[in-house]
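Report on the structure given below.
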Amino acid sequence: MTTLLQQLVYGLILGGTVGLIALGYTMVYGIVQLINFAHGEIFMVGAFGALATFTWVIPEGVKGTWYITLPLMVIAGAVVSMVIALIIERLAYKPLRNAPRLAPLITALGVSVALKEAVRIWYPGATAPLPFPKEFLTGSIELGSILIPKTGLLIIVVAVVLTVLLQVYINTSRMGRAMRATAQDPDTARLMGINPDRTIVLTFAIGAVLAGVAGVLYGVHINNISIDIGFQNGIFAFTAAVLGGIGSIRGAVIGGFVIGLVKTIAGQYFPGGTQYDYVWIFVVLIAVLVFRPQGLFGETERVRA
Amino acid sequence: MSEKTFFTNPAVSRVLGVAGAVLAVIAAMLPWSTFLLNKGAYPDKATLQFFDAPFELTGFRWELLIIGVVALVCAVAKVPAQRRVLRGLGAGIFAIGLINFGFIASAGGGLGAVTALDGTFAFGSVAALVAGVLLVLATIGQPLEEIPRWSTKLPTPVAYLGLVVSFAALLYVVSLTLTAGGQGGAASPYSGPMFLSFLGFAGGMFAGAAGLGVLKWISRLSEQHRVFSIVVLLLCALSLPFTDAGSEYWMTVAANIGVYAATAIGLNIVVGLAGLLDLGYVAFLGIGAFVAANLSGAAASQLGIHLPFYLVVIISAAIAGIFGAIVGSPTLRVRGDYLAIVTLAFGEIFQIAARNNIGGLTGGSNAMPNIPALEWFDGTAFNESITLFGAKLPSGVLYYFLIVLLIAAVMTVFANLKNSRMGRAWIAIREDEDAARAMGIKTGQAKILAFLCGAVLAGIAGAVFAHKTSTVSYESFLFMESVTLLAAVILGGMGSIPGAVLGASLLFVLPEKLREFSDYRLLIFGLALILIMRFRPQGLIPDAHRRAELAGEDAEGHTLQDKPGGDEPEQPKPQEVPAR
């Protein structure tokens with residue numbers, strides 16, 4: 000029983016990370032129908048941006064003070080992710096806005112490879128996994144016999160809070176309405192006085208900020224980052240977004256939590272153990288796509304992929 | 000287009016063209032670097048002092064001289080489609096200049112090395128760059144001409160002679176390309192830039208020839224004499240070992256490329272014809288290879304049987320095909336991007352299973368070593384050297400022959416499938432699935448069959464691959480390989496056979512040649528994907544239908560939007576690209 004509960008906690012922590020990334024996938028796909036393969040790398044870039052800030056920017060004296068260091072790193076990660084995402088959007092995706100659908104998808108693959116390689120080549124020492132600072136937030140909360148790492152708790156809380164904020168923003172604000180309108184029909188949205196290009200840029204920016212935050216928190220929690228974290232978590236996140244229903248905000252995060260739980264539970268109890276835990280995520284992905292392509296919270300008319 | 004600018008003036012264009020060509024010729028004779036690089040003199044006497052020995056040309060400076068002279072002739076004489084030709088040649092000159100400029104500057108310590116330093120001058124690369132720009136500028140004033148159509152109504156012997164000469168020239172170029180710059184690595188530190196320079200040269204010349212309509216003429220001629228040209232091409236491919244490229248090393252490289260080319264053609268069925276994006280395709284190559292390894296008496300095989308090769312191939316193909324049908328089955332319900340993700344998921348599942356040595360069949364991280372080499376009927380192993388027609392051929396050449404035949408077979412299958420009822424159904428599905436369904440095409444069946452055919456071809460290639468490399472490891476079948484194969488298909492032009500071969504050759508020969516830059520290989524690869532999608536989404540040798548779809552042209556090849564630099568018009572009838 001303790002094992003199960005402990006695995007559930009780990010699952011929720013992974014799920015929080017995955018959910019935050021999944022928000023970017025779901026929003027971008029909802030608005031431009033592009034599987035942004037590079038989104039996982041945006042997450043990775045955010046983590047590296049925060050690490051760079053910690054290493055070279057934050058003064059030695061305050062590195063141990065969590066309430067200064069952590070916010071600075073989160074902001075740095077988010078900003079780096081956002082800037083990179085906006086550059087990519089402008090240079091790679093925007094020119095292909097009206098191209099056949101395969102073209103931007105392949106471009107996204109190219110961006111993903113290039114981004115990963117750029118970090119590997121130009122970030123000092125990134126050829127091997129790098130240690131990520133954590134000294135400012137250590138220890139766990141004991142709840143009966145199970146342990147909840149503080150960093151893990153932070154991820155879960157941040158994921159839920161940001162999701163709620165995002166949902167409120169999209170449902171109530173002017174720009175949120177513009178985003179929903181553009182997602183439904185860019186041409187009509189344009190007629191209504193919305194600037195679809197600006198809306199799309201905003202969508203990419205929000206998604207990237209969330210991914211950047213996730214990257215930093217992931218690094219803090221795991222204590223070490225490598226250039227490979229992007230691809231795998233990106234695939235998980237995409238699975239989560241599909242599972243939750245593409246275009247649905249809460250779906251993405253709930254999907255993320257489900258994916259996290261599937262991975263840890265499968266790793267613990269399913270045949271093959273942790274060696275095959277990824278396989279179960281892919282099995283879930285395939286099953287969802289085949290049997291319920293609109294996902295848990297998706298709208299049926301969006302199914303026509 | 001109607002705006003008047005400085006460049007629309009024909010006199011200006013003419014002057015620019017001639018000036019560019021002359022400058023290219025001069026650039027070939029100028030020194031290119033002000034000092035000796037640390038690894039010795041950079042390619043072929045490029046480090047001459049000013050006018051020391053301007054006429055001792057070798058290597059890339061020869062290439063520049065040739066292309067410059069051709070450009071000069073074309074700029075002065077009245078050639079048909081002059082602007083098209085000059086644009087191609089100019090791009091080639093620019094590429095040669097840029098490659099050497101970048102290399103010398105980065106290897107030799109900054110811009111001083113390629114301009115002026117310590118009173119010596121080395122403006123060769125800058126002159127070549129300017130020459131390239133001038134030539135291109137000379138062509139932007141007016142819209143490009145239609146590609147001239149040369150008559151193909153020739154007496155048969157003349158046509159045959161033309162084809163033989165063309166294909167022999169092609170063989171020569173292939174052999175030159177393979178050996179250009181020599182083997183990469185420590186032995187020849189400059190092989191990378193020298194090879195790239197050659198590519199720039201060959202690309203520029205080909206673009207020029209394409210502008211003249213020569214390539215179209217050859218392709219129409221070979222279309223008319225289909226059987227003859229296939230035979231000649233096959234003979235040309237088989238005689239590659241007799242050229243300069245016939246060393247053990249190049250034969251191995253060529254055979255490796257061949258395996259990937261065959262696989263790329265298989266992927267072309269799924270992606271190019273049926274329009275189903277497959278991001279896990281390399282798994283089928285892997286399945287074929289692992290099945291072959293287990294059935295051929297590899298040391299680590301737990302089955303302990305050694306079947307004859309033909310049986311192994313059939314079984315590999317069958318098992319890969321079964322998996323292909325399984326992977327394809329979600330297509331019944333899933334479309335488009337989602338399908339891409341499903342295939343990616345299958346690819347990852349295969350990779351994880353192989354990494355974990357599933358059922359003891361894949362060897363996991365120990366791989367499957369010691370797969371016995373194939374044997375000829377008289378017992379000669381395929382990895383021995385042989386003597387043929389009095390020429391001693393290096394070891395590995397038999398594998399090369401086998402793979403050439405494999406590619407020929409795969410091409411035949413592809414070409415026949417493409418023109419079959421099923422092929423037309425696939426193309427219809429690619430264009431519009433709902434419409435295809437409405438026309439009575441059983442779309443579900445057709446899509447699964449596409450996956451199945453693609454997987455079978457990859458399975459066959461995998462069986463050959465296993466014997467050729469003698470060790471099969473899951474590391475050869477990672478996601479990156481799937482992306483590279485996909486990129487090969489896209490780079491060459493989706494749905495086009497010569498395109499898939501060209502794409503696979505480029506993508507798998509480049510890493511071999513650019514060992515020096517191996518750190519940047521994937522970065523360049525990623526950027527190249529982005530740039531191709533941006534500027535030439537239809538690929539290098541586009542299929543007629545595909546081009547219509549991707550380049551915004553109608554089926555007859557006329558540009559729909561009036562944009563400058565729109566692509567060259569296709570023949571009036573959207574015909575198949577001839578099997579080359």
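Respectively, the protein sequence lines represent chains F and Z.
Using numbering that gives the first Met the number 0, the first residue of the first sequence is number 0, and each one after it goes up by one.
Using numbering that gives the first Met the number 0, the first residue of the second sequence is number 0, and each one after it goes up by one.
We put the CB at the ideal spot given by N, CA and C, even for glycine.
For residue 111 of chain F, which residues in the same chain have their Cβ closer than 6 Å to its Cβ, ignoring the five residues on either side in sequence? A distance below 6 Å between beta-carbons, with the five flanking residues on each side excluded, links residue 111 of chain F to the following residues of its chain, in chain order: 36, 37 and 40.
What residues from chain F crowd round residue 355 of chain Z, counting only those whose CB sits closer than 8 Å? Within chain F, the residues placing a beta-carbon under 8 Å from that of residue 355 of chain Z are 271, 274 and 275, ordered along the chain.
Tell me the rounded alpha-carbon separation between residue 446 of chain Z and residue 325 of chain Z. Taking the straight line from one Cα to the other gives about 12 Å.
Quick one, which of Z:145, Z:364 and Z:220 has its alpha-carbon nearest residue 155 of chain Z's? Per the Cα distances, Z:220.
Buried versus exposed, by CB contacts within 10 Å (16 or more), residue 46 of chain F: That one is buried.
Run through chain C and tell me which residues come within less than 7 Å of residue 96 of chain F, C-beta to C-beta. The structure shown has no chain C; the protein chains it does contain are F and Z.
Within the same chain, show all residues whose beta-carbon is closer than 6 Å to that of residue 73 of chain F, passing over the 5 residues directly before and after it, in chain order. Leaving aside the five residues that flank residue 73 of chain F on each side, the residues in its chain whose CB is nearer than 6 Å to its CB run, in chain order, 212 and 215.
Determine the chain Z residues that contact residue 120 of chain F at a beta-carbon separation under 8 Å, and present them in chain order. Taking a Cβ-Cβ threshold of 8 Å, the residues of chain Z close to residue 120 of chain F are 518, 519 and 522, in chain order.
Output the distance between the C-alpha atoms of residue 226 of chain F and residue 163 of chain F, rounded to the nearest integer angstrom. Distance from the CA atom of residue 226 of chain F to the CA atom of residue 163 of chain F, rounded to whole angstroms, is 30 Å.
Show which residues of chain Z have a CB atom less than 8 Å away from the CB atom of residue 100 of chain F. Neighbours of residue 100 of chain F in chain Z, taken as residues whose beta carbon is under 8 Å from its own, are 335 and 336 in chain order.
Chain F contacts from the stretch 470–495 of chain Z (Cβ-Cβ distance under 9 Å): Of all residues in the stretch 470–495 of chain Z, 478, 479, 482, 485, 486, 489 and 493 have a Cβ within less than 9 Å of some Cβ in chain F.
Am I right that residue 103 of chain F and residue 95 of chain F are in contact with their C-beta atoms under 8 Å? What's the rounded C-beta distance? Yes, residue 103 of chain F and residue 95 of chain F are in contact; Cβ-Cβ is about 5 Å, under 8 Å.
Would you check if the stretch 43–58 of chain F and the stretch 180–189 of chain F touch, i.e. whether three or more CB-CB distances between them fall below 8 Å? The answer is no - the stretch 43–58 of chain F does not touch the stretch 180–189 of chain F, with fewer than three Cβ pairs under 8 Å.
Exposed unless 16 or more other CB atoms sit within 10 angstroms - verdict on residue 0 of chain F: So residue 0 of chain F ends up on the exposed side.
Determine contact between the stretch 463–471 of chain Z and the stretch 285–299 of chain Z, defined as no fewer than three beta-carbon pairs at a distance below 8 Å. Yes, the stretch 463–471 of chain Z is in contact with the stretch 285–299 of chain Z.
Less than 7 Å between the C-beta atoms of residue 70 of chain Z and residue 88 of chain Z, yes or no? Yes, the pair counts as a contact, with Cβ atoms nearer than the cut-off.
Can you find a C-beta in chain F that's less than 7 Å from the C-beta of residue 360 of chain Z? Not closer than 7 Å to any Cβ of chain F, the Cβ of residue 360 of chain Z fails to qualify, so no.
Under the three-state reduction of DSSP, which class applies to residue 150 of chain Z: helix, strand or coil? In the structure shown, residue 150 of chain Z sits in coil (DSSP, three-state: anything other than H, G, I, E or B).
Which complete alpha helix (DSSP H) runs does the stretch 393–476 of chain Z hold, if anything under 4 residues is left out? For the alpha helix (DSSP H) assignment, the uninterrupted runs of no fewer than 4 residues enclosed by the stretch 393–476 of chain Z are, from N- to C-terminal side, 396–418, 420–430, 432–437 and 442–468.
State the DSSP-derived secondary structure class of residue 142 of chain F, mapped to helix, strand or coil. Reduced to three states, the DSSP call for residue 142 of chain F is strand.
Mark residue 28 of chain Z as exposed unless 16 or more other C-beta atoms lie within 10 angstroms of its C-beta, in which case mark it buried. Counting the other CB atoms within 10 Å of its CB gives residue 28 of chain Z a total of 16 or more, which places it among the buried residues.
In its own chain, which residues sit with a C-beta less than 7 Å from the C-beta of residue 366 of chain Z, not counting the 5 before and 5 after it? Closer than 7 Å at the Cβ level, and outside the excluded window around residue 366 of chain Z, lie 470, 471 and 472.
The alpha helix (DSSP H) spanning residue 506 of chain Z covers which residue range? Residue 506 of chain Z -> alpha helix (DSSP H) spans 496–512.
From the DSSP secondary-structure annotation, give me the bridge partner or partners of residue 268 of chain Z. Residue 268 of chain Z has no beta-bridge partner at all, per DSSP.
Is the distance from the Cβ of residue 80 of chain Z to the Cβ of residue 207 of chain Z below 7 Å? Annotated as distal: residue 80 of chain Z and residue 207 of chain Z, with beta-carbon spacing of 7 Å or more.
Which same chain residues, not among the five before or five after residue 305 of chain Z, have their C-beta less than 8 Å away from its C-beta? Counting only Cβ-Cβ distances below 8 Å, and skipping sequence neighbours, we find 294, 295, 296 and 371.
What residue range does the alpha helix (DSSP H) around residue 109 of chain F cover? Per DSSP, residue 109 of chain F belongs to the alpha helix (DSSP H) from 101–121.
Closest residue to residue 460 of chain Z among Z:331, Z:356, Z:83 and Z:290 (Cα-Cα distance): Nearest option by C-alpha distance: Z:290.
Neighbourhood of residue 68 of chain Z by C-beta distance below 7 Å, restricted to the same chain and skipping five residues each side: Only 24 meet the Cβ criterion.
Does the contact criterion of 3 or more C-beta pairs under 8 Å hold for the stretch 258–267 of chain F versus the stretch 67–83 of chain F? Not touching, per the Cβ criterion.
Enumerate in chain order the residues of its own chain whose CB-to-CB distance from residue 189 of chain F is below 8 Å, with the five nearest sequence positions on each side excluded. Here the set comprises 195.
Just verifying my parser: in three-state terms, what is the DSSP assignment at residue 223 of chain F? For residue 223 of chain F, the secondary structure class from DSSP, reduced to helix, strand or coil, is strand.
Roughly how far, in whole angstroms, is the beta-carbon of residue 311 of chain Z from the beta-carbon of residue 239 of chain Z, given that I think they are within contact range, below 8 Å? Wrong, their Cβ atoms sit about 26 Å apart, outside the cutoff.
Contacts of residue 141 of chain F in chain Z (Cβ-Cβ under 8 Å): Chain order gives no chain Z residues near residue 141 of chain F, where near means a beta carbon separation below 8 Å; the closest approach is about 35 Å.
Nearest CA to the CA of residue 412 of chain Z: which residue from Z:452, Z:438, Z:427 and Z:443? Per the Cα distances, Z:452.
Does the beta carbon of residue 4 of chain F sit closer than 7 Å to a beta carbon anywhere in chain Z? Judged by the 7 Å Cβ criterion, residue 4 of chain F is not in contact with chain Z.
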